[in-house]
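*Asks:*
Numbering (my numbering), first residue to last: 33 to 550.
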């Protein structure tokens with residue numbers, strides 16, 4: 033979609049339009065350019081989405097709230113106000129965020145906003161205020177979530193006594209009555225239990241997550257659930273018992289966790305050299321059934337959660353189970369799981385096996401998946417093999433997309449020379465520009481803004497060059513950033529540059545709103 037949109041906008045002018053604007057970083061000139069550019073797009077919605085949230089992030093929370101309160105639909109209005117509370121809190125304005133949260137008319141949405149503020153106050157060192165806020169939350173499922181978030185914040189700070197107290201309160205809240213969202217609260221409490229070293233408690237909580245998931249949707253899940261996160265955590269620790277039980281026919285009772293649950297943060301895997309429980313080959317060949325509670329979508333969630341951190345043994349064991357599910361399942365969400373398993377295999381060096389799985393797809397999806405595999409191979413460190421595999425893709429666009437992924441990885445790994453050479457070898461002009469954008473960004477990130485800016489001038493399409501310059505704005509010192517921002521406005525209008533202008537010219541968002549409201 034981006035390719036077609038930027039190709040329609042045409043090529044960048046041969047003369048570098050806007051290059052001499054703001055040589056000294058003259059802010060009023062930039063704001064004038066924004067005003068002129070904004071006048072061309074009067075239909076943009078200011079009441080929801082990026083605009084009001086940017087206002088909230090840049091110190092204009094009252095103005096943002098005024099815009100949101102013009103929304104006539106009460107539910108949509110409340111939802112937008114919750115997002116403004118989160119934006120202001122993320123920018124450090126906790127007092128303003130709380131005042132706005134307390135003004136939200138719909139009580140359920142007011143609860144959601146207050147829940148979002150509870151851990152923010154705790155992490156800001158105002159734990160007493162966070163506790164008082166949690167006590168004021170009305171609905172049980174929201175109270176449970178708030179106390180669980182407080183427990184997590186206390187665990188992260190190392191306060192074990194408070195962690196246990198808050199976790200017990202969260203458990204009491206969700207145990208006192210059956211409410212939607214209980215499994216999410218319990219899944220977070222698994223993380224808290226692991227952080228305190230109570231692995232037996234973590235396993236018991238995981239059992240309860242499974243029981244709730246099964247009872248609420250005994251025929252299978254319709255969307256990713258908290259249990260998928262629990263399964264991923266156990267798999268990273270070498271425990272596949274619960275996963276295997278869920279892949280079996282469902283007549284028996286739910287099987288509990290058998291073994292130690294590793295740390296909650298999926299980016300922090302346990303000892304990957306440990307021996308997995310059970311005979312993986314024998315288990316993988318077990319009697320999987322189309323009636324298993326675990327569907328293709330849910331298995332894909334498990335694979336995606338462990339893809340970056342799983343060791344080779346765990347990854348291949350999960351891939352075996354995924355392939356079996358693909359062969360024996362009911363066909364729903366087949367392509368979603370196929371994508372996840374091919375990427376997992378590619379990341380772990382099983383390229384031939386991953387490529388063979390793409391043969392199960394129609395030709396259009398097959399070549400797209402091959403490009404994904406190239407990207408994963410590059411990210412695993414085999415950039416040479418990724419280049420060779422990319423050139424073997426017969427579809428022109430898929431090949432270009434694959435080469436873009438390799439260029440990005442080479443640039444990220446600190447090899448801009450090789451990345452630039454590979455980018456310039458791409459025949460498709462738009463794809464070449466997209467690859468050069470990645471090289472320019474990494475050059476600027478590593479302290480060579482002049483070379484990065486020069487490289488952007490070789491990008492052919494106007495829209496792509498504007499995005500490349502916008503990426504440099506965020507990585508440049510103020511005077512250069514303002515000059516580059518003006519060039520972006522001239523090339524691509526205000527839209528690609530406003531997000532980065534929040535940092536260098538925070539007033540710009542308010543200027544746009546004022547212009548469009550006048």
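Yeah, the Cβ is synthetic: ideal placement off N, Cα and C, and Gly gets one too.
When burial is assigned at 16 or more other CB atoms within 10 Å of the CB, is residue 519 buried or exposed?
*Replies:* Flag for residue 519 reads buried.
*Asks:* Might you give, ordered along the chain, the residues of its own chain that have their beta carbon closer than 6 Å to the beta carbon of residue 443, omitting 5 neighbours on each side?
*Replies:* Excluding residues within five positions, the ones whose Cβ falls inside 6 Å are 451, 470, 471 and 474.
*Asks:* Evaluate residue 15 with the Cβ neighbour count: other Cβ atoms within 10 Å of its Cβ, from every protein chain shown; 16 or more gives buried, anything less gives exposed.
*Replies:* In the structure as shown, the chain begins at 33 and stops at 550. Residue 15 is therefore absent and cannot be evaluated.
*Asks:* Check each candidate in 132, 141, 345 and 122 and name the one with the smallest Cα separation from residue 106.
*Replies:* Nearest C-alpha to residue 106: 141.
*Asks:* Please work out which residues of its chain come closer than 7 Å, Cβ to Cβ, to residue 313, disregarding the five sequence neighbours upstream and downstream, and give them in chain order.
*Replies:* Since pLDDT at residue 313 reaches only 42, below the 50 mark, its modelled position is unreliable, and the value read off the structure follows with that caveat. For residue 313, where only same-chain residues beyond five positions count, there are no Cβ hits under 7 Å.
*Asks:* Per DSSP, residue 43 forms a beta bridge with which residues?
*Replies:* 493, per the DSSP bridge assignment.
*Asks:* Once DSSP output is grouped into helix, strand and coil, what is the label at residue 130?
*Replies:* Helix.
*Asks:* Taking the straight line between their C-alpha atoms, what separation do you get for residue 500 and residue 530?
*Replies:* Approximately 14 Å between the Cα atoms of the pair.
*Asks:* One question on the structure: do residue 354 and residue 264 come within less than 7 Å of each other, judged by their Cβ atoms?
*Replies:* Not in contact: residue 354 and residue 264 (Cβ atoms no closer than 7 Å).
*Asks:* Considering only residues of the same chain and omitting the five flanking positions on each side of residue 491, which have a CB-CB separation below 6 Å?
*Replies:* Only 465, 468, 497 and 500 meet the Cβ criterion.
*Asks:* My output table needs one value for residue 35: the three-state DSSP class, helix, strand or coil.
*Replies:* Here residue 35 sits in helix by DSSP.
*Asks:* Quick check on this structure: which residue in 381, 386, 411 and 63 has the alpha carbon closest to the alpha carbon of residue 400?
*Replies:* Among 381, 386, 411 and 63, the Cα nearest to that of residue 400 belongs to 386.
*Asks:* Which whole runs of the alpha helix (DSSP H) in the region 170-204 are 4 residues long or more, in chain order?
*Replies:* List check, alpha helix (DSSP H) in window: 172-189.
*Asks:* Within 7 Å of any Cβ in chain D, is that where the Cβ of residue 82 sits?
*Replies:* Of the protein chains in this structure there is only one, and it is not chain D.
*Asks:* For residue 364, count the other beta carbons within 10 Å of its own beta carbon; 16 or more makes it buried, fewer makes it exposed. Which is it?
*Replies:* Residue 364 comes out exposed.
*Asks:* At which residues does the alpha helix (DSSP H) containing residue 329 begin and terminate?
*Replies:* Residue 329 -> alpha helix (DSSP H) spans 328-338.
*Asks:* Within 10 Å of its beta-carbon, does residue 426 have 16 or more other beta-carbons around it, so buried, or fewer, so exposed?
*Replies:* Label assigned to residue 426: exposed.
*Asks:* So, helix, strand or coil for residue 478, using DSSP?
*Replies:* Three-state result, residue 478: coil.
*Asks:* Is DSSP giving residue 380 helix, strand or coil here?
*Replies:* Residue state, collapsed to three classes: coil.
*Asks:* Taking the CB atoms as reference points, tell me whether residue 183 and residue 222 lie closer together than 7 Å.
*Replies:* It is not a contact, given that the beta carbons lie outside the stated cut-off.
*Asks:* Residue 129 and residue 120 - do their beta-carbons sit closer together than 7 Å?
*Replies:* Yes, they are a contact pair.
*Asks:* When the Cβ atoms of the region 538-545 are set against those of the region 503-512, are three or more pairs found closer than 8 Å?
*Replies:* Result no; under three Cβ-Cβ pairs closer than 8 Å.
*Asks:* Given residue 535, which residues of its chain have a CB within under 7 Å of its CB, disregarding the five upstream and five downstream residues?
*Replies:* Hits under 7 Å: 506.
*Asks:* Do you know whose CA, among 244, 445 and 262, lies nearest residue 234's CA?
*Replies:* Considering only alpha carbons, the answer is 262.
*Asks:* Taking all protein chains shown into account, do 16 or more other C-beta atoms lie within 10 angstroms of the C-beta of residue 36, making it buried, or fewer, making it exposed?
*Replies:* Residue 36 is exposed by the Cβ-count criterion.
*Asks:* Where does residue 391 land, buried or exposed, given buried means 16+ other C-beta within 10 angstroms?
*Replies:* Exposed, because fewer than 16 other Cβ atoms sit within 10 Å of the Cβ of residue 391.
*Asks:* So within the region 381-424, which uninterrupted alpha helix (DSSP H) runs reach at least 4 residues, ignoring any that extend past its ends?
*Replies:* DSSP runs (the alpha helix (DSSP H)) wholly in the region 381-424: 383-390, 395-411 and 415-423.
*Asks:* Excluding sequence positions up to five away, which residues of its chain have a Cβ less than 7 Å from the Cβ of residue 284?
*Replies:* In this prediction, residue 284 scores a pLDDT of 45, lower than 50, which makes its location untrustworthy; no coordinate-derived value is stated.
*Asks:* Since residue 545 is in the alpha helix (DSSP H), which residue starts that stretch and which ends it?
*Replies:* Residues 539-549.
*Asks:* Could you please give the first and the last residue of the uninterrupted alpha helix (DSSP H) stretch that includes residue 449?
*Replies:* Taken as a continuous stretch (DSSP letters only), the alpha helix (DSSP H) holding residue 449 covers 448-456.
*Asks:* Check whether the Cβ atoms of residue 87 and residue 96 sit closer than 7 Å, and answer yes or no.
*Replies:* For residue 87 and residue 96, yes; Cβs fall inside 7 Å.
*Asks:* Do residue 548 and residue 70 have their CB atoms nearer than 7 Å?
*Replies:* Closer than 7 Å, so yes.
*Asks:* Which term fits residue 523, buried or exposed, when burial requires 16 or more other beta carbons within 10 angstroms of its beta carbon?
*Replies:* The residue in question, residue 523, is buried, as its Cβ has 16 or more Cβ neighbours within 10 Å.
*Asks:* Pick helix, strand or coil for residue 123, following the three-state DSSP scheme.
*Replies:* Here residue 123 sits in coil by DSSP.
*Asks:* As a quick exercise: from 388, 434, 380 and 389, pick the residue whose alpha carbon is nearest that of residue 413.
*Replies:* Comparing Cα-Cα distances from residue 413 to each of 388, 434, 380 and 389, the minimum goes to 380.
*Asks:* Could you check if residue 227 is buried or exposed, using at least 16 other CB atoms within 10 Å of its CB as the buried criterion?
*Replies:* With 16 or more other Cβ atoms within 10 Å, it is buried.
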